[in-house]
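These notes concern the structure reproduced below.
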Amino acid sequence: MTYISEKAKDFREQADDILLYYYSQRVPIFHSPAFQCSHFLLFLLAASVPTEKNLVSQFLVGESLWLQAARRNCRFFEYIFLYKDAVLFQIEQVTKLCSKIALTEPWDPYDIPANSTYEDQYYIGGPGDEIMVQEWSDRKPARKLESWVGVYTIKDCYPVQETYTRNYSVTTSTRFFDLQLGISDPSVFTPPSTCQEALPRRMKDEC
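Take the sequence shown: its position 113, counted from the start at 1, is 112 in numbering that gives the first Met the number 0, and no numbers get skipped.
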């Protein structure tokens with residue numbers, strides 16, 4: 000949806016503000032009178048103004064995934080990996096509640112390991128706007144499947160994508176974009192003050 004009237008925008012902003020307030024206060028937002036009232040106004044607007052009905056319906060559908068997440072009390076986290084200290088910080092995005100966990104996984108330098116197997120070479124993009132990349136994996140002749148696949152540019156060997164599969168059930172795929180040399184803001188690796196009293200265990204997603 001690319002357009003919605005100013006009146007509908009006002010109702011949307013009110014609903015969003017109420018959602019954020021009740022979620023930040025850890026209140027069951029879908030049972031709060033203010034939340035129900037604000038969304039009831041949206042439905043009234045859709046019913047009373049025919050030209051707006053489809054637009055508001057699209058807005059409500061477009062927001063459905065976010066609202067479903069809120070209904071299930073989903074939580075979203077930021078992670079800070081400090082490999083030299085072997086510590087992982089998990090920070091909840093709304094409350095800034097923090098967990099401090101031992102980091103046991105080794106640092107991944109995002110390079111092509113010396114014992115990798117060459118898989119393929121191809122272009123990403125189209126004529127006049129393309130980049131050649133190579134695909135490598137840890138596949139061995141005695142194994143049918145690989146647990147790691149990496150894609151890198153021919154020039155400068157920049158990582159494009161890495162995929163890890165563990166126990167044939169858990170897959171982690173990482174895509175790299177807007178790469179810059181160096182670290183422009185080292186403070187991104189500084190945990191917030193809430194981590195001074197961090198929990199000793201990982202928080203669950205609860206979603």
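In this text, a Cβ means the ideal position worked out from N, Cα and C, and glycines have one as well.
Whose C-alpha, out of the options, is nearest the C-alpha of residue i?
| i | options | result |
| --- | --- | --- |
| L180 | Q195, T164, Y163 and D155 | D155 |
| E161 | F80, I100 and D110 | D110 |
| F188 | C73, F75 and V86 | V86 |
| K99 | Y163, Y78, G125 and T171 | Y78 |
| K83 | G149, D107 and P158 | D107 |
| L81 | P190, P199 and G124 | P190 |
| E134 | P112, G125, L198 and T171 | P112 |
| D241 | R138, P126 and P105 | The first residue shown for the chain is 0 and the last is 206, placing residue 241 beyond what the model contains. |
| L144 | T164, D128, G125 and G127 | T164 |
One question on the structure: do residue i and residue j come within less than 8 Å of each other, judged by their Cβ atoms?
| i | j | result |
| --- | --- | --- |
| V169 | T152 | no |
| S115 | S146 | no |
| L96 | M202 | yes |
| V159 | V150 | yes |
According to DSSP, is residue i helix, strand or coil?
| i | result |
| --- | --- |
| T193 | helix |
| V93 | coil |
| E104 | coil |
| F80 | strand |
| S172 | strand |
| F75 | coil |
| A46 | A caution first: A46 carries a pLDDT of 38, below 50, which makes its placement in the model unreliable, though a value can still be read off. Helix at A46. |
| F186 | Sequence check: residue 186 is Ser here, not Phe. Reduced to three states, the DSSP call for S186 is helix. |
| S115 | coil |
| G125 | strand |
| R201 | coil |
| Q179 | coil |
If residue i sits next to residue j, beta carbons under 8 Å apart, how far is it from one beta carbon to the other, in whole angstroms?
| i | j | result |
| --- | --- | --- |
| D204 | R74 | 6 Å |
| C207 | F88 | Nothing can be reported for residue 207, as the shown portion of the chain is limited to 0 through 206. |
| I130 | Y122 | 7 Å |
Taking the DSSP output, what are the residues bridged to residue i?
| i | result |
| --- | --- |
| P158 | Y151 |
| K99 | F88 |
| E134 | D119 and V150 |
| Y163 | W147 and T171 |
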